[in-house]
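Report on the following structure.
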Amino acid sequence: MTAASRRGAFIAIVAVVTVVAGLVWLLGQDEPAPQDVDVLSGAPDGQGNPPVFHRPMDPEQPEPVPLQPEPDDPSVMTVRPRHEPEPLIDYGPVVAQGNVGWPSGFGVDSVEVILYDDEGFELDIADTDVNGDFELRYDEPLRAGWAVGTEAQAVDWGGETTFLLPAMCSELAVHVPGETPVLCHLRLGFPPTISGRVTSREDGAPIEDAEVYAASTLRPWALAEISTDTEEDGSYLLPLGDLPNQDVIVWFLADEHQAHLVGPMSLSPADVPGEVVRVDAALDAAATLRGRVLDALTGIPVDGVMVTAGSSYAAFTRSGDWDVTDEDGSFLLETGDLPPFGSWLLAAEDGYGPAVVFPDSPAGEHEIHLGPIQTVDGYVFDAVSGEPIEDADVMIAFIGDTWELDHGLYDEEFSDEEGHVVIELVSVPIGAARVRVISDDHVPLDVPLEAVARPVTGNTWELVVRLTSL
């Protein structure tokens, strides 16, 4: 056999062996694992499709890493998992529904509607549909004071960005899951500009550099404020910006003058920007609040009593003044930065129950009478079973404090295993109190004290609270 023949025979033998080995290897393999993905034809990313990724077959491998397709490659393939989509989370029954309207022609397709709790914190968000309708769901009870509303909506007006004011349904009553949803219809509109002139009441002269503030007393917005200063002629312009047009307060501060407040007031939303609402103010000269604190039983002046001036508006929690009475029971407070409307004078001293006066003018002489400490003695029960409720949080709060109790004026205890609670009122005047009760698995309660309590002796009030279970 020639060398060429031997070389050809060897190549043939190698080829046969290779084919046989390949067949043996294939027959020894397991069935191929089924594909975990479907391959779908699609356009490149940037045209509304999700990014391309390769899902690993091995569950121990890390999560898939998105691969960005070439923007000009029309042949890119979009890959999606075959498994069924995750079911929607059930957020509970509908608690509020309604409609949001806005001026036409501004390209607003949908609006976020927010569910707020009684302290103004966000609980949930829902988008309106093309008709402006919405539904909000929640699976826990909502305490009195909860709200539904929007934020400001940015829109284009003549090539410039402006805002539609937020709108709210606020100070809503207690709501329990399963009850009929609250209907809330909201209207968005352009913010008006508040304009006016600030003068001295004494001589009518304009006040230059007076500070002008505006805010909304709605809870989610209570600490948001806008401000400006007056011109030489006392005039000012104050656009509302992105504040709500509901429950608006405007106040004025100037050196050597008494603070003055206008509102709360609700302003109609405008269909076009530029509307003006006029608010003028004539400021009184700065005044002092003075008076005496007396023992209610003997009429004798009480010295060493802390007397505080404050406001029920959150915007003025840092305003006011305090003084300690002298041996004649006298006090003097400088309250030029505190508008009289919504203000109070509170006197408190060890061994006495606190007492309050609500002044209706920036000046004057006030007598405050201190009596014995009052005690609230009561029980908390389940309204249906009649069983006592243990560990219920029972709070007696001052009605003049803000809704967030910024002044800390409340007395609090927890009920025992018999539902019994005893609270000495060392911070809250008995005639200006609210009861707030919170217990797990029950609807919270927030009512005036006299709605659930009655006097049984000179110094004791009997309290009976019945909470509805969830």
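To convert, count from 1 in the sequence shown and add 64; that's this note's numbering. Where is the CB? At the ideal position from N, CA and C, for every residue including glycine. As the structure is a computational prediction, the values presented were derived from the model and not from experiment.
_Going by C-alpha to C-alpha distance, which of 439, 348, 362 sits closest to residue 401?_
Comparing Cα-Cα distances from residue 401 to each of 439, 348, 362, the minimum goes to 348.
*Using only alpha-carbon positions, find the residue among 181, 161, 165 that is nearest to residue 508.*
181
*Nearest to residue 166 by alpha carbon, out of 403, 290, 195?*
Between residue 166 and the set 403, 290, 195, the nearest pair of CA atoms involves 195.
*Pull up the DSSP beta-bridge partners for residue 416, would you.*
Residue 416 is bridged by DSSP to nothing; it lacks a bridge partner.
*By DSSP, does residue 380 sit in helix, in strand, or in coil?*
helix
*asked:* Residues in the same chain with beta-carbon distance under 7 angstroms from residue 294, minus the five sequence neighbours each way, listed in chain order, please.
replied: Residues 262, 271, 272, 273, 274, 276, 300 of the same chain have their beta carbon placed closer than 7 angstroms to that of residue 294, with the five preceding and five following residues left out of the count.
*Can you tell which of 211, 230, 210 has its C-alpha closest to the C-alpha of residue 219?*
230
*asked:* To the nearest angstrom, how far is the alpha carbon of residue 305 from that of residue 325?
replied: 20 angstroms
_Between which residues of its own chain and residue 514 is the CB-CB distance below 7 angstroms, once the five residues before and five after are set aside?_
The answer is none, since no qualifying residue turns up.
*Is DSSP giving residue 515 helix, strand or coil here?*
helix
*What is the DSSP secondary structure of residue 283, reduced to helix, strand or coil?*
helix
*Who are residue 438's beta bridge partners in DSSP?*
489
_Cβ-based burial, residue 89 [other Cβ within 10 Å; buried from 16]_ = Its pLDDT being 45, under 50, residue 89 is placed unreliably in this model, and the value from its coordinates should be taken loosely. Exposed is the call here.
_the stretch 429 to 439 contacting the stretch 410 to 419, beta-carbon criterion three pairs below 8 angstroms_ = yes
*Taking 8 angstroms as the threshold, find out whether the stretch 249 to 268 comes into contact with the stretch 200 to 210 through three or more Cβ pairs.*
no
*Might you give, ordered along the chain, the residues of its own chain that have their beta carbon closer than 8 angstroms to the beta carbon of residue 85, omitting 5 neighbours on each side?*
Low confidence applies here, because residue 85 scores a pLDDT of 46, under 50, leaving its location unreliable and the question unanswered by this model.
*Excluding sequence positions up to five away, which residues of its chain have a Cβ less than 8 angstroms from the Cβ of residue 191?*
So the qualifying residues of the chain are 174, 175, 176, 177, 198.
*Is the number of C-beta pairs between the stretch 449 to 460 and the stretch 474 to 486 that are closer than 8 angstroms three or more?*
yes
*My understanding is that residue 201 touches residue 193, with C-beta atoms under 8 angstroms, so please give their C-beta distance in whole angstroms.*
Not quite, the Cβ-Cβ distance comes to about 15 angstroms (not below 8 angstroms), so this is no contact.
*Does the distance from the C-beta atom of residue 162 to that of residue 228 stay below 7 angstroms?*
Taking 7 angstroms as the Cβ cut-off, residue 162 and residue 228 do not qualify as a contacting pair.
*asked:* Could you tell me the alpha carbon to alpha carbon distance between residue 292 and residue 403, rounded to whole angstroms?
replied: 18 angstroms
*Near residue 303, which residues of its chain fall below 7 angstroms by C-beta distance, leaving aside the five closest residues on each side in sequence?*
255, 257
*Enclosing beta strand (DSSP E) for residue 29 [first to last residue]*: The displayed coordinates of the chain run from 65 to 534. Any statement about residue 29 would go beyond what the structure contains.
*Apply the 10 Å Cβ neighbour rule to residue 512 and answer buried if 16 or more other Cβ atoms are within range, or exposed otherwise.*
exposed
*asked:* If you follow the beta strand (DSSP E) that residue 328 is in, where does it begin and where does it stop?
replied: 324 to 329
*Report yes if the C-beta distance between residue 427 and residue 351 is below 7 angstroms; otherwise report no.*
yes
*asked:* Does residue 202 come out as helix, strand or coil in the three-state DSSP assignment?
replied: Looking at residue 202 - three-state DSSP - the assignment turns out to be coil, as it is neither helix nor strand.
*Looking only at its own chain, which residues have a Cβ that is under 8 angstroms from the Cβ of residue 15, when we skip the five neighbours before and after it?*
Within the shown structure, residues of the chain are numbered from 65 to 534, placing residue 15 beyond reach of any answer.
*Could you tell me whether the Cβ atoms of residue 399 and residue 524 are closer together than 7 angstroms?*
no
_Between residue 492 and residue 473, how many whole angstroms is the CB-CB distance? I'm expecting something under 8 angstroms._
Right, their Cβ atoms sit about 6 angstroms apart.
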